[in-house]
Amino acid sequence: MRIKAFLLTLPLVAGLTSLIAWGGPSLTAGTYESLAIATEDGLSLTLSSDGLVLALAVDGEELVGEPAPALWVRDMSQAGEVTEPNLLANPGFEEGDTGWSPLALNQNITIALASDAVHGGDWALKFTGPADAIGFGGWGSDPISV
Numbered sequence: 003m004r005i006k007a008f009l010l011t012l013p014l015v016a017g018l019t020s021l022i023a024w025g026g027p028s029l030t031a032g033t034y035e036s037l038a039i040a041t042e043d044g045l046s047l048t049l050s051s052d053g054l055v056l057a058l059a060v061d062g063e064e065l066v067g068e069p070a071p072a073l074w075v076r077d078m079s080q081a082g083e084v085t086e087p088n089l090l091a092n093p094g095f096e097e098g099d100t101g102w103s104p105l106a107l108n109q110n111i112t113i114a115l116a117s118d119a120v121h122g123g124d125w126a127l128k129f130t131g132p133a134d135a136i137g138f139g140g141w142g143s144d145p146i147s148v
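Its first residue numbered 3, the sequence shown is counted upward by one per residue in this note's numbering.
So, in C-alpha cells, the structure goes:
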C-alpha cells in the first residue's frame, strides 16, 4: 500500500449548507451510492457508500485526484511517540523541499521554508497570507510505502 502525507490548511467551516444523498429520497436508514456535503464557505466533500473520498474541493478547486480511503485513526495510545524509522523522506525539511510538493494553492497563501518557529531541526514550513482573506493551501509528500 502507498499513502501520501499531507500538510493542509483550509478555511474555517462557517456552517453546513447542504447535505445530499444519491440513491435515496432522503437521509434515512438505507443504502446510498454516495453522500455529498458542502459548507457556505466553499468546502465540499463527496463520500462513496463504502467510505471512500470521491471528491474534496475548496472554492471549486478539486483536491482529490482519484477515490481513496479517508484517514482513520483508531488507537491513540502511542500518539506523539516517535517511531523509527520515520517513513517520511526529509521530514524536517533539512534537505530543503526535497520529497515534498505544493498541492492546491490560491493567490492568498504562500508556503515557504522558514528558519523561525521550528519544532526540531533548522527548518519548517511557514504558511502565510493576508489576515482579512480566506485562503487555502497544502504540501504533500512523495508516496510512502507502508
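The beta-carbon is built from N, C-alpha and C at its ideal position, and this holds for glycine as well.
Just so we're clear, the structure is a prediction, and the values are computed from it rather than from any experiment.
Residue range of the unbroken beta strand (DSSP E) whose run includes residue i
i	result
TRP141	139-143
ILE111	Segment: none, ILE111 is in no beta strand (DSSP E) and carries neither H nor E.
SER103	102-104
LEU2	Past the boundaries of the shown model lies residue 2; the chain is included only from 3 to 148, so the question cannot be answered.
Assigned secondary structure, residue i (DSSP; H/G/I helix, E/B strand, else coil)
i	result
ALA133	coil
THR41	strand
THR48	strand
ALA119	coil
SER79	coil
PRO93	coil
ALA72	coil
SER28	Interpretation of SER28 is limited by its pLDDT of 40, a score under 50 that renders its predicted location unreliable; no figure is taken from the coordinates.
Own chain partners of residue i with C-beta closer than 7 Å, once the 5 adjacent residues on each side are dropped
i	result
THR120	With the sequence shown as reference, residue 120 is identified as Val, and Thr is not the correct amino acid for it. Here the set comprises ALA126.
SER117	ASP124 and TRP125
ASP144	ALA91 and GLY101
Same chain only: Cβ atoms within 6 Å of residue i, ignoring 5 sequence neighbours per side
i	result
GLU97	none
PHE95	LEU115 and TRP125
PRO93	none
ALA57	THR48 and VAL66
ASP61	GLY44
Chain-order list of residues whose beta-carbon lies under 8 Å from that of residue i (same chain, five-residue window excluded)
i	result
ALA31	Residue placement at ALA31 cannot be trusted, given a pLDDT of 46 that sits under 50; what the coordinates show is reported in the next sentence. Closer than 8 Å at Cβ, skipping near neighbours: no residue.
VAL55	LEU47, THR48, LEU49, VAL66, PRO69, ALA70, PRO71 and ALA72
Buried or exposed (CB count within 10 angstroms, at least 16 for buried), residue i
i	result
GLY123	exposed
LEU89	exposed
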